Each structure stands twice: as structure tokens, then as C-alpha cells.
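Anchor point for the sequence shown: position 760 equals 760 in UniProt numbering, and the numbering is continuous, going up by one each time.
Notes to accompany the following structure.
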Amino acid sequence: MFKNMSIQKKFSFVTVIIIFVSLVISLLIFNYYKNITEEEIYKNTLNELKIHIDESIQVKMDVGISNALSIANDGRIKKSLREDNRELAILSLKTISKEMKDHTPFKNIKVHIHTKDNKSFVRAWKTDKFGDDLSSFRHSVVKVNTTNEPVNTMELGKAGLSLRTVVPIKDDDGSHLGSLEFIQGLNSVAKKFDKEKDAFLLLMDLKVQKVELFDETNKFKDYLISQKFVNKEFLEDAKTIDMDKLLNDGYLISNKYFYTSIEVKDFRDKNLGLYLAARPLAIVEETIYNAEKFINTSILILVVFGLIVLVAILFNLKNTVIKPLNILTNAISDLIKNNDPSQKIKLERNDEVGLLASKFNKYLDNIEEGLKQDAIVISEAIDIVEKAKDGFYTYKIDAKASNKEVELLKQNINQMLEVTRDNIEMVTLALIEFGNAKYDYKIKSDKSGNIGSLTKGANALGDSISEILSMIDRTGKSLSINSNELAATSEQLSASATQQAASLEETAAAVEEITSTIVSTGERAKEMSKIAQELKTTSAEDDKLAHRTGKSMEEIDNATDDIVEAITIIDQIAFQTNILSLNAAVEAATAGEAGKGFAVVAAEVRNLANRSAEAAKQIKDLVTFAQEKTKEGKETADKMVESFNYLNEKVAQVTSNVNEVTLATNEQTRAMEQINSVITQLDKATQENANASEIVSQKAMTLSEIASRLVAVINRTKFDTSKSNQVCDVDLVFDTTKLKLDHIAFKETNFKELGNGKTAKVKTHTECALGKWIAAHSNENFTKNSDWNELLIAHEKVHSNVQKYIDIDAKDKTDKVLHNIAQDIEENTSKVFNYIDKIKEHRCEDLRNS
1 MFKNMSIQKK FSFVTVIIIF VSLVISLLIF NYYKNITEEE IYKNTLNELK IHIDESIQVK
61 MDVGISNALS IANDGRIKKS LREDNRELAI LSLKTISKEM KDHTPFKNIK VHIHTKDNKS
121 FVRAWKTDKF GDDLSSFRHS VVKVNTTNEP VNTMELGKAG LSLRTVVPIK DDDGSHLGSL
181 EFIQGLNSVA KKFDKEKDAF LLLMDLKVQK VELFDETNKF KDYLISQKFV NKEFLEDAKT
241 IDMDKLLNDG YLISNKYFYT SIEVKDFRDK NLGLYLAARP LAIVEETIYN AEKFINTSIL
301 ILVVFGLIVL VAILFNLKNT VIKPLNILTN AISDLIKNND PSQKIKLERN DEVGLLASKF
361 NKYLDNIEEG LKQDAIVISE AIDIVEKAKD GFYTYKIDAK ASNKEVELLK QNINQMLEVT
421 RDNIEMVTLA LIEFGNAKYD YKIKSDKSGN IGSLTKGANA LGDSISEILS MIDRTGKSLS
481 INSNELAATS EQLSASATQQ AASLEETAAA VEEITSTIVS TGERAKEMSK IAQELKTTSA
541 EDDKLAHRTG KSMEEIDNAT DDIVEAITII DQIAFQTNIL SLNAAVEAAT AGEAGKGFAV
601 VAAEVRNLAN RSAEAAKQIK DLVTFAQEKT KEGKETADKM VESFNYLNEK VAQVTSNVNE
661 VTLATNEQTR AMEQINSVIT QLDKATQENA NASEIVSQKA MTLSEIASRL VAVINRTKFD
721 TSKSNQVCDV DLVFDTTKLK LDHIAFKETN FKELGNGKTA KVKTHTECAL GKWIAAHSNE
781 NFTKNSDWNE LLIAHEKVHS NVQKYIDIDA KDKTDKVLHN IAQDIEENTS KVFNYIDKIK
841 EHRCEDLRNS
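This is the structure:
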């Protein structure tokens, strides 16, 4: 409605509103001051009365101190104290009192002289009373005689409350003689107040000091009136007031007077009573009335002045503004109706309206010229947009627009093209670096939105490749080390097989020697047969143990690959060698004295078999399961050794009886045949052992070559080596890489809906894939750290800010706050990626410590 009103009506309406509001505000202000004026007058009256009391009391104190000091310096007073001459003091006081009556306003002064030990020396108004000790209740006297300093204070005496000025009396040599007290009532103060139409009462608090004898007519509530002059009308009204309310509020208004009070305190700050002061209410109300009259007159003048101003403004507006504007409006209407850009407004005036018409004509000229310039800019913009569609972002708009908005649009388009070109170059450079195997290259960009997703995706690609290369590098180095260890072990095994073959040759020669030296068995064949039976039993136990060892070796064979198969062959050869050597030892024992040499050779063969087993044991570290089974084989071997020890004991018994056994040529011959068979089997086993060692050595060399090629490939690349501390858990590496890319896709999916004026509900931080992964792993050891908590915070901020961005964009896509939110999204996305990498480091630490 207001928009459709004419300027005259708008201006009139606004002017009336302003003047009305100004008047209302003025009335409120004046009314406020009118209300507070009464309170201010009350406060001013209260302050005036208190100041009047303070000034009046101070005048009395000044008079008291001057008079007291004057009297105390009188030579006769000093002499009377020095000589303890009361008569001289009384005479001196009478003389001083007469002079004061004749030449000062003080007609009935009271002077009290005290000795330095606080006893009464002379009371001017009661000379026959003296010598009484004042120490118990005249604290000002004690103070002066103690400190030798004057005291000017209100104080209670037996006669009541009065103003007392106590000064020390000093001799000419400065020695302390006593003190002098100048006592004043406050009648003069009360009379002065009454003369000025105010009222005053000095009230002594009866709760503080009990007075033995007093006139009941002087009692005022809980106080005693301590002055003679009293305005009776004032006193009657004062008796009706509420003293508690007066003391709480600071002032009180009765039907006739305005009251206030001040506490009466002595020099010790002890409360003695009250100064009660009052002013007739008529005087106070007259002051209030005069102030309100002034305010009302001011309000009336302001209203009249406002109306005059309103009429003058409206009259001047109509003649100097509205009328010329109507002329200008009609001319512009004709211009619009004819639709001729070259047509100008014809208005011959030298005032502001004429100047406006002239400026408008020039404006039309500028518009016509500007439209031509803007058309050139728009044409260039269309051409450059077409080139951008073809993939070229190097062009820019060179023409200058006339319209500021068009020029700003041109600059923004040029800037957009430049920024887009820079972003493309930035990502292209990263891809070139990746193509050159430099996967540690990082795109440093603070861009948000789709470009932010693009740069983060490229960086995530580099990180992912770095992680894969770190895993390959880690595996290659480990493979190289293990293959070298395997080759060394294979060489050692081959050397042991060679040495074992040489020992077998020596054994064969020894067998031939034994065959040539066999003799008949001894006479004690029966005892040897019994011992042989025991040997048979022991051999059966050894056979069972040997089978257990064989079974353990078979389990090792099932748990390993080619390397373990070679170890099994070696272990089996060592096992067969042990059995054969045992059989050889048995046969040697059977052979008697002639078998001693063969027993030594059999022991040497057993030693060679053990050395072969030790060579195989060095390879067992490559496979954990084989190590466990080898341990079980060792335990079995230990039990076999115990059986062998028992067998050796029996062999010793047989040896002790061999000399008594008759020659048993046939049996010895059969034993030697068995020994030859064993040696043949040992030789065959030795050959198989050497072949197995060769196979292991070849595989170790092949594995080492593969590891070397793998390390060489890794060395040709550059990648982020810090990722090596994050790739201990392969599944975690690939899972987190997918989670990062899912988060980039999450942003892109939601940003596709921007700009359509509609809001959308995005997944919360607990609904996305990363949120579910976090929930699933929250109890893992590698999550018990501050980086995990920071990950949760940053992750939640990404989701909430994406939702916030979409909501604000739906309301107003030009809102400036969108830029800051976009920056927050990218910043927190970077934090999420960084903390995910740190979590992988914690996982590696957890694996190393487990």
C-alpha cells in the first residue's frame, strides 16, 4: 500500500509520522523527567538537610576547638592546675564567662577542667562538685590525657548528649597539666533551622545511655530530646512518624514535613543517637509544582512548534518538488510511449528537476552506447564458451563492457576459465608425474566442490599406489633376505652330505678288516644268548621310538612345500643311518672281540648321521609348523638315547663275556653280510641327500633372482616411503582406500543436486560406509587413541557441513556463507583421510607388539 502512494502522500505521511513520533518521544521524555523530578527533589531536599546538619555541627565544632584552645592557653588556668588552686581556676572561668557574654553570642558557656589523672578539677556551672573520677564514662577526657591531642566529638555525659571539645592543657615548658572541656548544646542549631523554616532535633538513644533523671516531656519514642529549643508544631508531627521506616528508607514524608536523619556518633564511631531534620512539606511541594509547570509549558510549546513545521514542510513540498516532478513524469511517459531511444526529455528548468532531466538525457545516450559495447562482449563470450566445450580453456574475453554487471560477468568468466585451466593443468601435471613413476607427488590445492573431489581423488590414487608399492617393497626385501638364508643353509647341507660319503668309505674299509679277523665264539654261548635276548627286547623298544620319530617327520613333510620335502628327505636319511648304525653296533657286539673295531666305525657313522640331522635343523627356522614337529622329534630322539644307553650297558656285559664265548663263525659271517647291506643303504641315502640339497639350492637361487628383480623394479619408482608404516594389514589398506573413494563419491553424489532450489536429506555420519566401518572396529586395540577420536569429529563435520551446504543452497544459492562451508567440507575431508592413515600406523604398531 505504501509503495503505491504518491511522493506527496508518502512525504506527508512520513513527515506526520516523524513529527508524531518526535512529539510522543518528547512527551515520554518530559513525562519521565516529570516523574523523576519529584524523586530528584526529594533527594535534593534530603541532601540539603544533611549538608545543613553537617555544616552546622562543623561550625559548632570549629567554635568549640577555638574557644577551648583559647581558654586552655590562659595563664591563670595553667597556674591553677600547676598549684592545685581551684579558687584561681574558678575566678578565671568567671572572668572568661563574663567577657564572652559581653562580647560574643555565647551567653551560658560550660567549661570543665580535668586533672591529668582524669579527675574533675572545676566545673564552671557547678563549682562545688569536683574530684570525681571520670575514667569510666568520659572516654574523650581519657583520650586527650593519654595522647595529649584534642578531641572534638559528640559525647554522652551524666547530663545527657552534647557537643564536647576536649583539649590538653600544657605548661609553658610543654609538660602536660590536664585537660579542658568546652561543652556546647545544639539550641543555636535548632534555632537556625527554625529561622530558615526547617526543623531540627538532637535525639539521644536511651538504649545506649541510661539517664537517671530526665523530663518525661523530652522523651521521643526510644530517644531523649537533647536540646531546649523545640518547634512544638514540628514536635507534634514528628511523634507520629514511623522511625523504622525513616531509618530504612533514608527519608519519610508526613502530612506536614519531609524528614531525614543522620546518626550521631562519638569519636570512637559509636552510635549515640540521631540528628533529626525536617522541611515543611509545602515548601517541597511548591518546588515540585514549579518544576512540573515548566515541563508542561515546554510540552505545549513543542506541540505547537511541531504543527507549524508540518504545515510549512507540506506547503513547500507541493510547490518546489511535487509540481516539477509531475512535469518530469509526463515527459518520461511520452518517451516510453513513443519507444524512441533517440527521443530526449524537454524540460527547461534550472532547478534540480531540470538538472535531473538533463542528466537523464545523457544517461540515455550512455545506455545506447553501452548496449553496443555489451553486445560485443556477449558475442565474444558465446564464442569462448563454444571453444571451452571443445576442451580449450586458454581463450579469454578481451572486449570491455559498458555495464558494470556485464563487465563483472566478463571478468568472472575469464577468471573461471583461468582457474579451470589451472586446475586441469594441476591434475595433468600430477598424472604426468604418476606416469613417470613418481607416486609421491601431491597436488597442493585449497579448492572445494567438484575440483576438491578431483584433486583429492588424484592424491588418493598416489597414496594407494604408494601403499601397494610399499607392500611390494616390504615383501621383496623380506623375500631376498629369506632366499639368501635358504641358499646358505643348502650349501651347508651339501657339505655335510659330502663329508658323510667320505665317512662311509672309511666304514667299508673297516668292515673288510673286521671280516678278516673274525674268530670262533666263546664257551659261554648260553649266557651270550640270554644277553642277546635282552638286547632284542631293547631293540624292540628302540624300534617303537624310531617309528614315533618317523611319524613326526611325516607331519613335518605334510606341513611344508618343496623346501620342507628336502628337509624330510634329509631327516629320513639321517634316521635310516641311525638305524643302520645301531644294527651295525648290534652285529659288532655279536661278532665279539673281532667286532670292536666295527663298533667304533658304527659309532662314527652314527655321528655322521647326527651331523646330517643338525644341518637339516638349521633349515627348520623357515617354517614354524616344521619347528614344532622337529621339537617333538627331538623329544623322541632323547628317549631313543635313553634306550641306547640301556643297550650299551647290555653290550658291555656281552663284551665282558665275549672272551668266554666260543667261536661262532657262521653267525659272525651272517652279521658281516648285514653290515655290508647297511653300508650299501647308507651310501644310497647319502646320494639322495646330496640330490635334495642341490634341488633346494637351485630353488633358493631362483627365489633370490625373483626378489632382486622385484627390488630393482621398486627402486625405479618414487613413492611415499612413509606408507611403509601403514601397510602391515593388507585388508585394512584396501578397505580404507575404498572408504576414502566412497567419501569422495558421497560428496559428488550430493553436489549434483545443487542449484535446483530443493533441499535433500544426506546420509548421516553413522549411515555411510565409513561410519559403519568405524562402528564395526570401535573396540579394536588400534582405535584406543586420540587420532581415532579426531577421526570421529572430522567425519561428523563432513556430513553435517554437506547437509548444511545443501540446505542453505536450497534457500539462497548466492549466500556468501556457502564458500566458508565448502572450505570446511574440504578441510575436514582432508582430516578424515589423514586420520585414516594414522589409524593404519596404529594398526601396524598393534601388530608389532602382539
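Ideal Cβ placement from N, Cα and C applies to all residues, glycine included.
As the structure is a prediction and not an experimental result, all values here were calculated from the model.
What separation, rounded to the nearest whole angstrom, lies between the Cα atoms of residue i and residue j?
i, j, result
"I295", "L246", "30 Å"
"D824", "D446", "10 Å"
"T814", "T759", "15 Å"
"N834", "L486", "40 Å"
"L69", "V167", "6 Å"
"I41", "H52", "16 Å"
"T749", "Q411", "30 Å"
"G178", "D242", "45 Å"
"L300", "G370", "58 Å"
"V16", "E55", "55 Å"
"T498", "S704", "25 Å"
"A488", "Q674", "37 Å"
"Q572", "N482", "25 Å"
"residue 873", "K699", "The question about residue 873 has no answer, for the chain in this structure spans 1 to 850."
"F392", "A381", "13 Å"
"L180", "E149", "12 Å"
"T475", "I468", "11 Å"
"I308", "E286", "34 Å"
"K838", "F782", "10 Å"
Going by other Cβ atoms of all chains shown within 10 Å of its Cβ, with 16 needed for buried, is residue i buried or exposed?
i, result
"H819", "exposed"
"D198", "buried"
"G757", "exposed"
"M154", "buried"
"G131", "exposed"
"D244", "exposed"
"S175", "exposed"
Near residue i, which residues of its chain fall below 8 Å by C-beta distance, leaving aside the five closest residues on each side in sequence?
i, result
"T37", "I288, A291, E292, I295"
"D729", "K840, R843, C844, L847"
"G306", "I19, S22, L23"
"I384", "Y395, K396, I397, I413, L417"
"M471", "V727, V730, V733"
"E39", "none"
Skipping 5 residues on each side, what residues in its chain have a beta carbon closer than 6 Å to that of residue i?
i, result
"D374", "A401, S402, N403, V406"
"G452", "E826"
"S226", "G160, L161, L202, M204"
"E386", "none"
Kindly identify the DSSP beta-bridge partner or partners of residue i.
i, result
"M154", "L163"
"Y441", "DSSP lists no partner for Y441."
"N271", "K265"
"residue 852", "With the chain covering only 1 through 850, there is no way to say anything about residue 852."
"R279", "F258"
"Q184", "L163"
"T507", "T507 pairs with nothing; no bridge assigned."
"F220", "Y223"
"I169", "G178"
"T205", "A small correction: the amino acid at residue 205 is Asp; Thr does not occupy that position in the sequence shown. Answer is Y223, bridged to D205."
"I109", "The partner list for I109 (beta bridge, DSSP) is empty, contrary to what the question assumes."
Got a sec? Which residues, its chain only, sit under 7 Å from residue i by beta carbon, not counting five neighbours each side?
i, result
"R279", "T45, L49, D198, Y257, F258"
"V377", "I397, A399, A401, V406, K410"
"R76", "L88, S92"
"E233", "none"
"S850", "none"
State yes or no: is the C-beta of residue i within less than 8 Å of the C-beta of residue j?
i, j, result
"V264", "Y275", "yes"
"L741", "L770", "no"
"G273", "L161", "yes"
"H743", "V832", "yes"
"N163", "K79", "Per the sequence shown, the amino acid found at residue 163 is Leu instead of Asn. No; because the gap between Cβ atoms is not below 8 Å, this pair is not in contact."
"K143", "A124", "no"
"S140", "V122", "no"
"T686", "Q500", "yes"
Would the C-beta of residue i count as close to the ligand SAH, meaning under 7 Å from any of its heavy atoms?
i, result
"S162", "For the ligand SAH, the structure offers nothing, since it holds no ligand at all."
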